Every structure is written in structure tokens, then in C-alpha cells.
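Below: one structure, written as C-alpha cells.
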Amino acid sequence: MIDILFYVFAALALGGAMGVVAGRSPVASLLFMVLCLGSVAGIYVLLEAHFLAAVQVIVYAGAIMVLFLFVIMLLNLGHNYHPDLKAGLWSALSFAVAGALFGFLGRQLWGNRTMTPEAGDSVDALVAQYGAVGAIARPLYTEWVVPFEITGILLLVAIVGALVLAKQRV
Amino acid sequence: MITPALVLSAFLFVIGAFGVLVRRNAIIMFLCIELMLNAVNLTFVALSRVVGIEGQLFVFFVMTVAAAEAAVGLAIMISIFRHYETVNVDNFNLLKW
Numbered sequence: 042m043i044d045i046l047f048y049v050f051a052a053l054a055l056g057g058a059m060g061v062v063a064g065r066s067p068v069a070s071l072l073f074m075v076l077c078l079g080s081v082a083g084i085y086v087l088l089e090a091h092f093l094a095a096v097q098v099i100v101y102a103g104a105i106m107v108l109f110l111f112v113i114m115l116l117n118l119g120h121n122y123h124p125d126l127k128a129g130l131w132s133a134l135s136f137a138v139a140g141a142l143f144g145f146l147g148r149q150l151w152g153n154r155t156m157t158p159e160a161g162d163s164v165d166a167l168v169a170q171y172g173a174v175g176a177i178a179r180p181l182y183t184e185w186v187v188p189f190e191i192t193g194i195l196l197l198v199a200i201v202g203a204l205v206l207a208k209q210r211v
Numbered sequence: 137m138i139t140p141a142l143v144l145s146a147f148l149f150v151i152g153a154f155g156v157l158v159r160r161n162a163i164i165m166f167l168c169i170e171l172m173l174n175a176v177n178l179t180f181v182a183l184s185r186v187v188g189i190e191g192q193l194f195v196f197f198v199m200t201v202a203a204a205e206a207a208v209g210l211a212i213m214i215s216i217f218r219h220y221e222t223v224n225v226d227n228f229n230l231l232k233w
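Here the protein sequences come in this chain order: A and B. Here the first sequence stands for residues 42 to 211, numbered as in my numbering. Here the second sequence stands for residues 137 to 233, numbered as in my numbering.
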């Protein structure tokens, strides 16, 4: 059952990803992206990362994609669409680069194909003890608290930077 | 299920990289970069079954950086659009040799 669900989600994610690249209008690409992100959230659930699945749906598919949608509609990109796929030599080169990249990744996976979920039990025990949120929050606020605070500063810088860049000249 | 998830994330990453190379619309290139980040997140979640809960923590950080990057990147896109009236990357050739 879980395997069937995994392959359904995987097929949806791959289809969504191809739709992003091949989509004819930016809005269609964006909606395919939402499909892809939702399917990956489903795979997170199957991999027992429930909190991250929720964050993926709320933050990624919700907030970030709505930001993209606002910008696409603000810039009014859907109408004067002309095919923007690069053709000829460049696309052949892109195919070659993508194939080489997949070759490297696949070779890496092939070398380690006996991947066993060694830490799966310990992760499940943490989730059972502290809950799906607590299992992540506990190390986040103790061991990894400095990176966590730095991401707070990063978000502040991003807010200020986005305002400075996008505001109209007065 | 770990190895199939890793294979899936490799596919997603490669599709994203291909999209960045082959499209000219800067916003869709941005979406493809998000796709690549998402593939990396999937790798982290799958490997958290092998090495422990830290894999899921890193996904949290990657999502934060992706959100910041999307905000700043889209702001740059808006300001570029004000100058050039387009987001087609072929028109941004000021730094081209």
C-alpha cells in the first residue's frame, strides 16, 4: 500500500516537474510546481517527516508560490507570451549537461544501493516521545540554536532587501 | 523506500537544472531553482532515515533560505522589469562579454 502511494506521488511529482519546465504560460508552470511540491509533501509523510510535510504545504506551496503568483500577475506576464525555450545547439547542450548530471547522481546512488534505514527507529522513537513538532524543535532550540537565530537575521535582511529593491522611487 | 526517494530526487534535480538551462523567462528559471532546492530537501528527508533527525533540521534551514531567496529574487525581478519591460534573460546582456 505504502509502496503504491509512493509511486503515485513520485509520478505526480515528476509530471509536475516536467510541467514546470514545459509549461506554456508562467501561471501554468506555477500550478504544476504546486502539484510537484504537494506530491513531495506526500512523500515526506511516507518518510515519517510529518512536520516537514505540513511546513512544505503551508510555507512552500502556500506562501512562496503565492508570492510567485503575485509577481507573475503584477508583471502581467501571461499575455504577451512567446515561446521562450532555447532551441538548437543550446538545448542539445542542456540535454547533455542534464544527462551528465544525472549520470553522476545515478552513479553515486548505484555505489550505495544497499541503503538501510539505520536511524529510522531512533527518529520514530523521538517522534513518539516528543511528538512530530517536538522531535524537530528540541534539537533546533538547543544544539542548533545559533544557526536558527542566524536564519532569523537572514529573514530580516531579506525583508529589508526586498523592500529596498522593489519600492518605487519617490 | 530510501533508494527510490533518492532516485526521485535525482530526477527532480536534473529536471530543475535542465529547466534553468533551457528557459528564457527569468521567473520560470526561478521556479526551476526552487525545484532543485526541493529535490535537495527530499534527499535530506530520505537520508534522515539513515543518519538521524538532523536531516530534517537542515530541510528547515533550506526552506528558510529558499523563502528569503524568493523574496529578494522576485524584488530584483520587479525592479528589472521596470527598467526593461521584460523578464526575458536574453535582454539582460549588460555583463555579457
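C-beta atoms are modelled at their ideal positions from N, C-alpha and C, and glycine is treated no differently. Bear in mind the structure is a predicted one, so any value in this text is a computation, not a measurement.
#1: Grab me the residues of residue 206 (chain B)'s own chain with a C-beta within less than 8 Å of its C-beta, minus the 5 sequence neighbours each way, in chain order.
#2: The alpha helix (DSSP H) spanning residue 170 (chain B) covers which residue range?
#3: Taking 8 Å as the threshold (C-beta atoms), are residue 182 (chain B) and residue 88 (chain A) in contact?
#4: What is the DSSP secondary structure of residue 227 (chain B), reduced to helix, strand or coil?
#5: Any idea which residues DSSP pairs residue 142 (chain B) with across the strands?
#6: So is residue 101 (chain A) buried or exposed if we call it buried at 16+ other beta carbons inside 10 Å?
#7: Rounded to whole angstroms, what's the CA-CA distance from residue 148 (chain A) to residue 204 (chain A)? Just pull it up for me.
#8: Compute the Euclidean distance between the alpha carbons of residue 231 (chain B) and residue 112 (chain A), then round it to the nearest angstrom.
#9: Tell me, please, whether the CB atom of residue 78 (chain A) is closer than 8 Å to any CB atom in chain B?
#10: Could you please give the first and the last residue of the uninterrupted alpha helix (DSSP H) stretch that includes residue 175 (chain A)?
#11: Taking Cβ positions only, does residue 228 (chain B) come closer than 8 Å to chain A?
#12: Considering only DSSP beta bridges, list what residue 159 (chain B) is partnered with.
#13: The alpha helix (DSSP H) spanning residue 190 (chain B) covers which residue range?
#14: According to DSSP, is residue 56 (chain A) helix, strand or coil?
#15: Name, going along the chain, the residues of the stretch 90 to 121 of chain A whose beta-carbon falls closer than 8 Å to a beta-carbon of chain B.
#16: With C-beta atoms as the reference, is residue 158 (chain B) less than 8 Å away from residue 127 (chain A)?
#17: How is residue 188 (chain A) classed by DSSP in three states: helix, strand or coil?
#18: In the structure shown, what three-state DSSP assignment does residue 233 (chain B) receive?
#19: Quick check on DSSP: helix, strand or coil for residue 137 (chain B)?
#20: What's the C-alpha gap between residue 94 (chain A) and residue 186 (chain B)?
#21: Give me, in chain order, the residues of the same chain whose beta-carbon lies closer than 8 Å to that of residue 135 (chain A); leave out the 5 immediate sequence neighbours on both sides.
Put simply:
#1: As a first step, residue 206 (chain B) is located in the second sequence; it is residue number 70 there, counting from the start. Result list for residue 206 (chain B): 166 and 170, in chain order.
#2: Here residue 170 (chain B) refers to the residue found at position 34 of the second sequence. Here the alpha helix (DSSP H) through residue 170 (chain B) covers 162 to 187.
#3: For the purposes of this step, residue 88 (chain A) is taken as residue 47 along the first sequence, with counting starting at 1. For the purposes of this step, residue 182 (chain B) is taken as residue 46 along the second sequence, with counting starting at 1. Yes. Within cutoff.
#4: For the purposes of this step, residue 227 (chain B) is taken as the residue at position 91 of the second sequence. It is helical.
#5: Taking the first residue of the second sequence as position 1, residue 142 (chain B) is located at position 6. DSSP lists no partner for residue 142 (chain B).
#6: Within the first sequence, numbered from 1, the residue matching residue 101 (chain A) stands at position 60. By the 10 Å Cβ count, residue 101 (chain A) comes out buried.
#7: To locate residue 148 (chain A), count along the first sequence from 1; it is residue 107. To locate residue 204 (chain A), count along the first sequence from 1; it is residue 163. Near 44 Å, if we compare the C-alpha coordinates of residue 204 (chain A) and residue 148 (chain A).
#8: Counting from 1 along the second sequence, the entry for residue 231 (chain B) is found at position 95. Counting from 1 along the first sequence, the entry for residue 112 (chain A) is found at position 71. Going from the Cα of residue 231 (chain B) to the Cα of residue 112 (chain A) covers about 25 Å.
#9: Against the first sequence, residue 78 (chain A) aligns to sequence position 37. Closer than 8 Å to some Cβ of chain B, the Cβ of residue 78 (chain A) qualifies, so yes.
#10: Here residue 175 (chain A) refers to the residue found at position 134 of the first sequence. Per DSSP, the unbroken alpha helix (DSSP H) holding residue 175 (chain A) starts and ends at 161 to 182.
#11: In the second sequence, the residue the question calls residue 228 (chain B) occupies position 92. Cβ-Cβ to chain A under 8 Å: no for residue 228 (chain B).
#12: Taking the second sequence and counting its residues from 1, the one referred to as residue 159 (chain B) is at position 23. According to DSSP, residue pairing for residue 159 (chain B) in a beta bridge involves A:126.
#13: Mapped onto the second sequence, residue 190 (chain B) falls at position 54. 190 to 220 is the span of the alpha helix (DSSP H), which, as asked, contains residue 190 (chain B).
#14: Residue 56 (chain A) sits at position 15 when you count from the first residue of the first sequence. DSSP, read as helix, strand or coil, puts residue 56 (chain A) in helix.
#15: Going along the stretch 90 to 121 of chain A in chain order, one finds 90, 92, 93, 96, 97, 100, 101, 104, 105, 108, 109, 112, 113, 115, 116 and 118 with a Cβ nearer than 8 Å to chain B.
#16: Counted from its first residue, the second sequence places residue 158 (chain B) at position 22. Counted from its first residue, the first sequence places residue 127 (chain A) at position 86. Between residue 158 (chain B) and residue 127 (chain A), the gap from beta carbon to beta carbon is short of 8 Å.
#17: Position 147 of the first sequence, counted from the first residue, corresponds to residue 188 (chain A). The answer is helix: DSSP assigns residue 188 (chain A) an H, G or I state.
#18: The residue labelled residue 233 (chain B) in the question sits at position 97 within the second sequence. Three-state result, residue 233 (chain B): coil.
#19: As a working note, residue 137 (chain B) is residue 1 in the second sequence. If DSSP states are grouped into helix, strand and coil, residue 137 (chain B) belongs with coil.
#20: As a first step, residue 94 (chain A) must be located in the first sequence, where it is residue number 53. As a first step, residue 186 (chain B) must be located in the second sequence, where it is residue number 50. Cα atoms of residue 94 (chain A) and residue 186 (chain B): separation of roughly 18 Å, rounded to the nearest angstrom.
#21: As a first step, residue 135 (chain A) is located in the first sequence; it is residue number 94 there, counting from the start. Result list for residue 135 (chain A): 127, in chain order.
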